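Each residue of the sequence shown is one higher than the one before, starting from 2 at the first, in the working numbering.
C-beta atoms are modelled at their ideal positions from N, C-alpha and C, and glycine is treated no differently.
The model shown is predicted, which means the values in this text are computed figures rather than measured ones.
Accompanying notes for the structure given below.
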Amino acid sequence: MTAPALVVLGAGLSQRPLIRRAKERGLTTCVVDGRTDRPAAADADTFVHQDFSDVPGTIAALAAAGVEALGVCSMGSEQAVVPGARLAEALGLPGLPVTAALAATDKVVQRGLYRDHGVPSAGFAPARSLADALAAYDVLGPRVIIKPTDGAAQRGVSDVQSRDEVASAVEHALRESRSGELIVEEHLSGLEYTVNAFVLGGVFHPVSVTLRELAPAPAVGICVAHRHPCGRSDEEIALIVDVVRRAALAIGIDAAPVYAQVRFGADGPRMIECGARLGGGSDAQLAQLVVGVDLMETVLDAALGLLDGENLAPRAMPEPHGHSRFVIPTAPGRIVRADEGAVRELPGVHDVGFFHHAGQIAPPLWSASGRLGVLLMTAASDAELDARTTHALAALDVIIEPMEPAAAAAAWNDQVAREREGLA
Ligand SMILES: Nc1ncnc2c1ncn2[C@@H]1O[C@H](COP(=O)(O)OP(=O)(O)O)[C@@H](O)[C@H]1O
Ligand SMILES: [Mg+2]
């Protein structure tokens with residue numbers, strides 16, 4: 002006996018709203034994850050314990066569980082992009098083309114496509130060793146970014162401002178790379194923006210443009226808030242959107258969301274990267290509040306082959322000033338308490354969530370894991386948003402026993418290793 006169900010790849014916290022939404026639509030859901038301790042494992046009607054990066058294994062596990070896939074989807078998980086495309090293709094379901102999935106998750110392939118299609122981007126060179134990286138530095142320096150080609154969540158990214166820093170940056174990137182392949186890029190200056198969009202039938206539908214506010218150095222590229230409106234003129238926003246449209250089409254994204262970062266320097270907007278997924282930082286929920294487009298619903302529609310593009314047009318909302326604002330600990334350390342307190346009762350607060358919990362380690366802000374949680378907020382003006390945010394942050398009940406960054410990083414690595422072991 003098989004029962005039809007929507008297959009969701011990944012049981013992380015970010016999948017939870019998607020599963021909830023699928024259920025509200027009356028869909029039966031099946032979540033696939035290689036770990037049993039993930040927060041959304043128990044949310045779905047069926048949980049299949051299987052590493053979804055093994056696509057044949059996933060097909061077999063779904064069959065063994067009696068699940069007939071109606072569609073395949075995921076929210077904000079970079080790891081799920083290629084397996085999701087392959088799984089959909091193997092099952093004859095709608096999905097992102099596999100070639101686009103591969104390009105969207107490999108920074109070297111992606112930059113090569115931008116170069117070939119004339120999309121404004123950064124000079125780059127692939128690297129596997131210190132010697133490669135030094136040679137690239139000599140061409141692209143004096144300021145470069147070194148990062149894994151297959152990275153996500155800002156893991157292993159370094160901002161290198163002198164030749165002496167190349168060696169430690171290469172080490173850092175190699176530690177975080179699964180493939181052992183790195184990219185050295187020309188550093189792009191300017192403020193950073195996120196474009197959320199959807200490509201359907203080859204047509205690019207922009208949904209929202211947000212300012213990506215970054216944590217100060219030594220953090221590299223860690224987002225503190227996605228803020229709407231983004232603060233640029235309509236003409237500049239049109240330029241930002243156009244660069245992302247050209248990037249998404251160069252990659253070949255279709256039947257999928259776009260989550261892209263752009264830096265706006267003196268010579269206009271240039272691509273940082275373009276993902277073929279929803280953002281992981283409540284971007285879809287924020288877009289719904291500030292421009293009235295329900296990206297989660299569109300992901301479900303697309304997975305089921307029902308999307309027609311009509312519900313992708315932004316509209317005026319009562320409180321268009323909003324952000325997903327990450328909760329950043331004042332220092333890393335052991336979490337004594339991380340509770341929402343009475344924050345949900347405050348004006349403008351739509352949601353709050355914590356990524357780490359009491360007893361766990363809050364690592365340094367060296368990757369996106371250093372963020373403790375996220376608040377989703379709106380207001381009628383920028384000033385009101387700032388005032389509401391100050392109140393909301395103060396209302397959270399957070400106590401952290403501080404640790405030296407290096408000690409916190411070591412404790413965090415231990416915690417991650419123990420979690421993996423416990424489940425092996
Ligand atoms: N070439 C670059 N120039 C300037 N900043 C960059 C560059 N590449 C990455 N960054 C910064 O680092 C962040 C993470 O890099 P990205 O390539 O998006 O990796 P990830 O996939 O880990 O998010 C970017 O959002 C940006 O802030
Ligand atoms: Mg990125």
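Discussion item. By the three-class DSSP mapping on this structure, what secondary structure does A425 have?
Written reply: Summary for A425: the model assigns pLDDT 48, below 50, so the residue's position carries little reliability; its value from the coordinates is reported in the next sentence. DSSP places A425 in coil when its eight states are reduced to three.
Fill in: Beta-ladder partner(s) of S73, from DSSP
Note that residue 73 corresponds to Val in the displayed sequence, not to Ser. Paired residue(s): V8.
Worksheet item: Going by DSSP, what residues sit across from H324 in a beta bridge?
Response: R228 and M378
Worksheet entry | Between the CA atoms of L63 and P127 - distance to the nearest angstrom | 38 Å
Worksheet item: By how many angstroms is the C-alpha of G323 removed from the C-alpha of L28?
Response: 30 Å
Worksheet entry | Which listed residue (V221, S75 and N197) has its alpha carbon closest to that of R156 | V221
Worksheet entry | Rounded straight-line distance, which links the Cα of P258 to that of V204 | 12 Å
Worksheet item: In whole angstroms, what is the alpha-carbon distance linking N312 and T299?
Response: 8 Å
Item to complete: Taking only the alpha-carbon atoms, compute the straight-line gap between E274 and D139 and give it to the nearest angstrom.
Response: 23 Å
Item to complete: Please state if the CB of G374 and the CB of G349 are separated by a distance shorter than 7 Å.
Response: no
Worksheet item: Would a C-beta distance cut-off of 7 Å place V73 and A91 closer than the cut-off?
Response: no
Practice prompt. Return helix, strand or coil for S368, following the three-state DSSP convention.
Written response: coil
Worksheet item: Does the Cβ of G181 have 16 or more other Cβ atoms within 10 Å, making it buried, or fewer, making it exposed?
Response: exposed
Practice prompt. Flag this pair as yes or no: are the beta carbons of A339 and H358 separated by less than 7 Å?
Written response: yes
Worksheet entry | Three-state class that DSSP yields for T150 in the structure shown | coil
Practice prompt. Consider the C-beta atom of E214 and the heavy atoms of ligand 2; say whether any pair is separated by less than 6 Å.
Written response: no
Worksheet entry | Nonlocal neighbours in the same chain, by C-beta distance under 6 Å from F327, ignoring five residues either side | V225, R372 and V375
Worksheet item: For E152, is the beta carbon positioned less than 6 Å from some heavy atom of ligand 1?
Response: Here residue 152 turns out to be Gly, not Glu, going by the sequence shown. Yes.
Worksheet item: Going straight from the alpha carbon of L135 to that of D44, what length do you get?
Response: 48 Å
Worksheet item: Smallest Cα separation from D34: which of R233, A81, T106 and E25?
Response: A81
Worksheet item: Which residues in the same chain have their Cβ closer than 6 Å to the Cβ of E79, if we skip the five residues on either side of it in sequence?
Response: A153
Worksheet item: For V292, which residues from the same chain have a beta carbon less than 6 Å from its beta carbon, with the 5 sequence-adjacent residues on both sides left out?
Response: S209 and P315
Item to complete: Could you please give the first and the last residue of the uninterrupted beta strand (DSSP E) stretch that includes T29?
Response: Counting along the chain, T29 falls outside any beta strand (DSSP E), and DSSP gives it neither H nor E.
Worksheet item: Among residues of its own chain, excluding the 5 on either side of W413, which ones have a beta-carbon nearer than 7 Å to its beta-carbon?
Response: I362 and P364
Item to complete: Ignoring anything shorter than 4 residues or poking outside the stretch 114-185, list the alpha helix (DSSP H) runs there in chain order.
Response: 131-141 and 167-177
Worksheet item: Which residues mark the beginning and the end of the alpha helix (DSSP H) in which L296 is found?
Response: L296 to A304
Fill in: Host beta strand (DSSP E) of A339 (start-end)
G334 to D340
Worksheet item: Between R22, L71, R36 and A66, which lies nearest to P5 when the distance is taken from Cα to Cα?
Response: L71
Worksheet entry | Residue range of the beta strand (DSSP E) that includes A258 | The sequence given here places Pro at residue 258; Ala does not occur at that position. A257 to G266 is the extent of the beta strand (DSSP E) around P258.
Item to complete: Put A277 into one of helix, strand or coil per three-state DSSP.
Response: coil
Discussion item. At a threshold of 6 Å, does A102 count as lining ligand 1 (C-beta to nearest heavy atom)?
Written reply: no
Worksheet item: Mind checking whether the beta-carbon of E274 lies closer than 6 Å to any heavy atom of ligand 2?
Response: yes
Worksheet item: Is R222 near ligand 1, with its Cβ less than 6 Å from a heavy atom?
Response: Reading the sequence as shown, one finds Gly at residue 222 and not Arg. Yes - ligand 1 has a heavy atom lying nearer than 6 Å to the Cβ of G222.
Worksheet entry | Collapsed DSSP secondary structure at V434 in the structure displayed | Because residue 434 is not part of the residues shown, which for the chain are 2 to 425, the question remains open.
Discussion item. For A425, count the other beta carbons within 10 Å of its own beta carbon; 16 or more makes it buried, fewer makes it exposed. Which is it?
Written reply: Confidence at A425 is low in this model, with a pLDDT of 48, below 50, so its placement is unreliable and the value that follows should be read with caution. By the 10 Å Cβ count, A425 comes out exposed.
Practice prompt. Go to L189, then tell me how far its alpha helix (DSSP H) extends in each direction, as first and last residue.
Written response: Where L189 is concerned, there is no enclosing alpha helix (DSSP H), given that its DSSP letter is neither H nor E.
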